[in-house]
Amino acid sequence: MKYNKLPGTEVEVSAIAMGCWALSGDATWGDQDEKDAAEGVQAALDAGINFFDTAEMYGRGESERLLGKGLAGRRHEAVVASKFDPEHSAPGDLAAACHRSLAFLGTDYIDLYQVHWPSRTVPFEDTWAALEKLREQGKIRHFGVSNFGAGNLEALVKVGRPATDQLPYNLLTRQIEFEILPRCRAKGIGVLCYSPLQLGLLTGKFRSVADVPPGRTRTRHFSGAREQSRHGEPGCEAELFAALDKIRQIARECDVGMSDVAIGWLLHQPGVTGVLAGIRNPEQARRNAAAAEVALSDDVLAALAEATEPVKQALGSNPDMWQTAAESRYR
33 MKYNKLPGTE
43 VEVSAIAMGC
53 WALSGDATWG
63 DQDEKDAAEG
73 VQAALDAGIN
83 FFDTAEMYGR
93 GESERLLGKG
103 LAGRRHEAVV
113 ASKFDPEHSA
123 PGDLAAACHR
133 SLAFLGTDYI
143 DLYQVHWPSR
153 TVPFEDTWAA
163 LEKLREQGKI
173 RHFGVSNFGA
183 GNLEALVKVG
193 RPATDQLPYN
203 LLTRQIEFEI
213 LPRCRAKGIG
223 VLCYSPLQLG
233 LLTGKFRSVA
243 DVPPGRTRTR
253 HFSGAREQSR
263 HGEPGCEAEL
273 FAALDKIRQI
283 ARECDVGMSD
293 VAIGWLLHQP
303 GVTGVLAGIR
313 NPEQARRNAA
323 AAEVALSDDV
333 LAALAEATEP
343 VKQALGSNPD
353 MWQTAAESRY
363 R
């Protein structure tokens, strides 16, 4: 396993992190077996993954609870990241949210505490001061943000510099390359990539739109007419599945699994500190940890970028996977 330091800290985290959204067992992911969850966390640790990311939003604490249960007796081996809702950005609400997360996780401190989405009502200065206070109290060690656009980051760094910005980034979702990723690189802010397999599309198991569960066709990749979608855009389904066919072929030529190629591509991108891979059981933990060992040549990296360029251009610079540019939560 490869390890990177969280920028501006001495904390070393595995390049592959366990993304814990799926542990919530919600409509997107389906029911989660509690035993599988605990064993998945243990298997991740055994495979060299020491970085775990969750949020109070994931199942209203259920993901945090299951992660805490899996880490029982081994908390000292882990770097735990969680996120608080934007509605809890005011100092009093933030302190209460942190205490709830600590209780669910069964721990005394959170290593990386992140703003899940920027608040539109609470000034950054107030939230940052509250985070500083929690750090002074020993409740959290470092700060990060999630889903902060280029404008948000520019405003935030005038107050303080987060260690990381957690963003949607994968071969099929490259919108951050237009503005946000360059800004993070310039400011020394590490990028944590969520949805590295684009809700399972990059595993190779879906050959057509009909194969994809409705809960996973809500993104801007798909027609806005599809069930549960709220963006109203035409999508880019033809480009999407053409790209998937090309990635599948490249992976076959490399004799590497398609998901390993997708994660490996991310790990080769400058500015990426970690890749959050969803893990729901021990087998997924071992498989995702192995992806850190995949070496891709410059030619393969270029071929993957070329294969997915039409999707990148179709989606444009709006990094919001779910909403139009006019309604985007990014600034």
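In terms of our numbering, the sequence shown has 113 at position 81, counting the first letter as 1, and numbering is strictly consecutive.
All C-beta atoms in this analysis are idealised placements derived from N, C-alpha and C, irrespective of residue type, glycine included.
On the three-state DSSP scale, how would you describe residue i?
{"i": "E44", "result": "strand"}
{"i": "F273", "result": "helix"}
{"i": "G124", "result": "helix"}
{"i": "P287", "result": "Reading off the sequence, residue 287 comes out as Asp, not Pro. Coil."}
{"i": "P200", "result": "strand"}
{"i": "N179", "result": "coil"}
{"i": "I208", "result": "helix"}
{"i": "N350", "result": "coil"}
{"i": "A357", "result": "coil"}
{"i": "A54", "result": "helix"}
{"i": "K37", "result": "strand"}
{"i": "D173", "result": "According to the sequence as given, residue 173 is Arg; it is not Asp. Reduced to three states, the DSSP call for R173 is strand."}
{"i": "T159", "result": "helix"}
{"i": "Q260", "result": "coil"}
Just the C-alpha distance for residue i and residue j, rounded to the nearest angstrom, thanks.
{"i": "Q169", "j": "P118", "result": "22 Å"}
{"i": "A294", "j": "L229", "result": "7 Å"}
{"i": "G256", "j": "L234", "result": "21 Å"}
{"i": "A327", "j": "E211", "result": "27 Å"}
{"i": "T356", "j": "N350", "result": "7 Å"}
{"i": "N36", "j": "V45", "result": "5 Å"}
{"i": "R380", "j": "H300", "result": "Nothing about residue 380 can be reported from this structure: the residues present for the chain run from 33 to 363 only."}
{"i": "A321", "j": "G192", "result": "33 Å"}
{"i": "P163", "j": "L126", "result": "Here residue 163 is Leu; the residue named in the question, Pro, does not match the sequence. Going from the Cα of L163 to the Cα of L126 covers about 8 Å."}
{"i": "K171", "j": "R97", "result": "17 Å"}
{"i": "A309", "j": "R206", "result": "17 Å"}
In its own chain, which residues sit with a C-beta less than 8 Å from the C-beta of residue i, not counting the 5 before and 5 after it?
{"i": "A161", "result": "P123"}
{"i": "R11", "result": "What is shown of the chain runs 33 to 363, which leaves residue 11 out entirely."}
How many whole angstroms separate the CB atoms of residue i and residue j, which I take to be in contact at a CB cut-off of 8 Å?
{"i": "K115", "j": "Q74", "result": "About 23 Å separates the two Cβ atoms, so there is no contact after all."}
{"i": "S380", "j": "W53", "result": "This structure cannot speak to residue 380, because the chain is shown only from 33 to 363."}
{"i": "G267", "j": "R252", "result": "7 Å"}
{"i": "G348", "j": "F83", "result": "That belief does not hold up - the Cβ atoms of G348 and F83 are roughly 31 Å apart, past 8 Å."}
{"i": "G40", "j": "G220", "result": "7 Å"}
{"i": "A79", "j": "R318", "result": "5 Å"}
{"i": "E109", "j": "L137", "result": "About 14 Å; that fails the 8 Å criterion."}
{"i": "A275", "j": "P342", "result": "7 Å"}
{"i": "R248", "j": "G232", "result": "6 Å"}
Would the beta-carbon of residue i be found less than 8 Å away from any heavy atom of the ligand MG?
{"i": "A161", "result": "What this structure holds is no ligand at all, so the ligand MG is not there to describe."}
Closer than 6 Å by C-beta to residue i: which residues in its own chain qualify, once you throw out the five before and the five after it? Chain order, please.
{"i": "S261", "result": "R250"}
{"i": "G398", "result": "Because the chain spans 33 through 363 in this model, residue 398 falls outside it and cannot be assessed."}
Which parts of the stretch 313-348 are runs of the alpha helix (DSSP H), unbroken and 4 residues or longer, counting only runs that do not cross its ends?
314-322 and 330-347
Entirely enclosed beta strand (DSSP E) segments - the stretch 66-130, minimum 3 residues
83-85 and 111-116
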